[in-house]
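A.B. asks: Take the sequence shown: its letter number 152 is residue 160 in our numbering, and every next letter is one higher.
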Amino acid sequence: MGQILDGKGLANLLAGKLQQQVSELKEQGIEPLFCVINIGDDPGSKIYLRTKKKRAQEIGIAQKVYQLPADESQADLLALIDELNVNPQINGIMVQLPVPEQIDLNEALEHISPDKDVDCLTPSNVGRLWRGDHFVEPATAHGILALLKHYQINLRGKNVVIIGRSSIVGKPLAALMLEQDATVSILHLKTKNLSEYTKRADILVSAAGHAGLVTAEMIKQDAVVVDVGINRVNGRTVGDVNFDEVAPKASYITPVPGGIGPLTVESLMEQVVKLTRRNHGR
Ligand code: NAD
9 MGQILDGKGL ANLLAGKLQQ QVSELKEQGI EPLFCVINIG DDPGSKIYLR TKKKRAQEIG
69 IAQKVYQLPA DESQADLLAL IDELNVNPQI NGIMVQLPVP EQIDLNEALE HISPDKDVDC
129 LTPSNVGRLW RGDHFVEPAT AHGILALLKH YQINLRGKNV VIIGRSSIVG KPLAALMLEQ
189 DATVSILHLK TKNLSEYTKR ADILVSAAGH AGLVTAEMIK QDAVVVDVGI NRVNGRTVGD
249 VNFDEVAPKA SYITPVPGGI GPLTVESLME QVVKLTRRNH GR
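Set out below in structure tokens:
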């Protein structure tokens, strides 16, 4: 039976350390504050906003939500981002995904100041990520690497297979893992015969958003399995991995919930603190 990679436990541990750093900043009169722009009323976004707010409060970070109507115009959104960019009290800005159809997300992201880009989605920060001289890191990818490091799972020379090529998970994770000398393959919806790749993975990460996608026969004996997926099935939250059949074959495996989710939120807070420190010359 694979050992459980306890993301929730590690997130709590790291949050304690971060809380200490925030207290020290506050003693110097520096208050970390980040803003989330939420457009419309996507039910998933509401849950994420609540989770983020709770973690931020525990750590001592203030989160301000700008709730905009579902029919918000692009021009007004850009004007708001401009305002937040120049507000010296604000250290981090993020646009909650998904956004309504009329919003040009790329243009909005390009508008965010790279110095306040907590999600690492502005073009210059994405470029730095691939160049290997990044300051911020996308939260989920950062959380996955923190978890592997905590359990002393080395990436050097390992075959890593990532299912999912999104800008928020698959691609940035590939960049960070390449930096750690892994050999990385990214699979996606158009990939033919997933098993051909997944069976060769020393470390398999699934970020597809497809419940039951990863089965025992798709993995190699003793693979490390990281499940990023969050899916609702019959009122339960499950990942992409068929946990009951994959866990006995894996050497390590993340649960859902309690795996990558809590680490993503904690990692986001780490980015807020990093940017706050830098924006104040620390
Ligand atoms: P997305 O929809 O933007 O991307 C999904 C990717 O998976 C795409 O590249 C697609 O090609 C690929 N894919 C989907 N089904 C596939 C299949 N059957 N075979 C091969 N490839 C397939 O999604 P996203 O924003 O990257 O999120 C992916 C999942 O991770 C979702 O379930 C999301 O809720 C979850 N997520 C979790 C966290 C967390 O903190 N745990 C953070 C971000 C996203």
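All C-beta atoms, glycine included, are put in the ideal place defined by N, C-alpha and C.
Bear in mind that the values here come from a model prediction, so they are computed numbers and not experimental data.
Anyone know if the C-beta pair for Ala23 and Leu271 falls short of 8 Å?
C.D. replies: Here residue 23 refers to the residue found at position 15 of the sequence shown. Here residue 271 refers to the residue found at position 263 of the sequence shown. No, they are not a contact pair.
A.B. asks: Using only alpha-carbon positions, find the residue among Gln110, Gly68, Ala70 that is nearest to Ala83.
C.D. replies: Residue numbering aside, residue 83 sits at position 75 when the sequence shown is read from its first letter. When each option's Cα is compared against that of Ala83, the closest is Gln110.
A.B. asks: Restricting to Cα atoms, I'd like to know which of Leu76, Val126, Gly267 is closest to Val107.
C.D. replies: If you number the sequence shown from 1, residue 107 lands on position 99. Residue Leu76 is the option with its Cα nearest to Val107.
A.B. asks: When you compare only the Cα positions, how much space is there between Ile176 and Thr148?
C.D. replies: Within the sequence shown, residue 176 is the residue found at index 168, counting from 1. Within the sequence shown, residue 148 is the residue found at index 140, counting from 1. Rounded to whole angstroms, Ile176 to Thr148 spans 8 Å at the Cα level.
A.B. asks: Have a look at the DSSP bridge pairing and note the partners of Val192.
C.D. replies: The count along the sequence shown starts at 1 and reaches residue 192 at position 184. In the DSSP output, where bridge partners are listed per residue, Val192 has Val168.
A.B. asks: Please classify Arg290: does DSSP put it in a helix, a strand, or coil?
C.D. replies: Position 282 of the sequence shown, counted from the start, is the residue given in the question as residue 290. It is coil, neither helix nor strand.
A.B. asks: Return yes when at least one heavy atom of the ligand NAD lies under 7 Å from the C-beta of Ile111, else no.
C.D. replies: Residue 111 sits at position 103 when you count from the first residue of the sequence shown. For the ligand NAD, not one heavy atom lies less than 7 Å from the Cβ of Ile111.
A.B. asks: Tell me whether the segment 236 to 247 and the segment 213 to 228 touch, counting them as touching only if at least three CB pairs, one residue from each stretch, are closer than 8 Å.
C.D. replies: Enough Cβ pairs lie closer than 8 Å, so yes.
A.B. asks: Does the ligand NAD have a heavy atom nearer than 7 Å to the CB of Arg173?
C.D. replies: Taking the first residue of the sequence shown as 1, we reach residue 173 at position 165. Within the cutoff, so yes.
A.B. asks: Mapping DSSP to helix, strand and coil, what is Thr245?
C.D. replies: The count along the sequence shown starts at 1 and reaches residue 245 at position 237. The answer is strand: DSSP assigns Thr245 an E or B state.
A.B. asks: Taking the beta strand (DSSP E) that Lys72 belongs to, which residues open and close that run?
C.D. replies: As a working mapping, residue 72 is identified with position 64 in the sequence shown. Looking at the DSSP string, the run of the beta strand (DSSP E) that includes Lys72 is 70 to 76.
A.B. asks: Are at least three pairs of beta-carbons, each pair with one atom in the segment 254 to 264 and one in the segment 40 to 58, less than 8 Å apart?
C.D. replies: No, they do not touch.
A.B. asks: Near Arg240, which residues of its chain fall below 7 Å by C-beta distance, leaving aside the five closest residues on each side in sequence?
C.D. replies: Locating residue 240 in the sequence shown gives position 232, where the first residue counts as 1. None.
A.B. asks: Grab the span of the beta strand (DSSP E) containing Ser214 for me, first residue to last.
C.D. replies: Here the question's residue 214 lines up with position 206 in the sequence shown. Per DSSP, Ser214 belongs to the beta strand (DSSP E) from 211 to 214.
A.B. asks: Do Ile238 and the ligand ADP come close, with the Cβ less than 7 Å from some heavy atom?
C.D. replies: This structure lacks the ligand ADP; its bound ligands are the ligand NAD.
A.B. asks: Going by C-alpha distance, which of Lys61, His150, Asp49 is nearest Gln279?
C.D. replies: Numbered from its first residue, the sequence shown carries residue 279 at position 271. Among Lys61, His150, Asp49, the Cα nearest to that of Gln279 is on His150.
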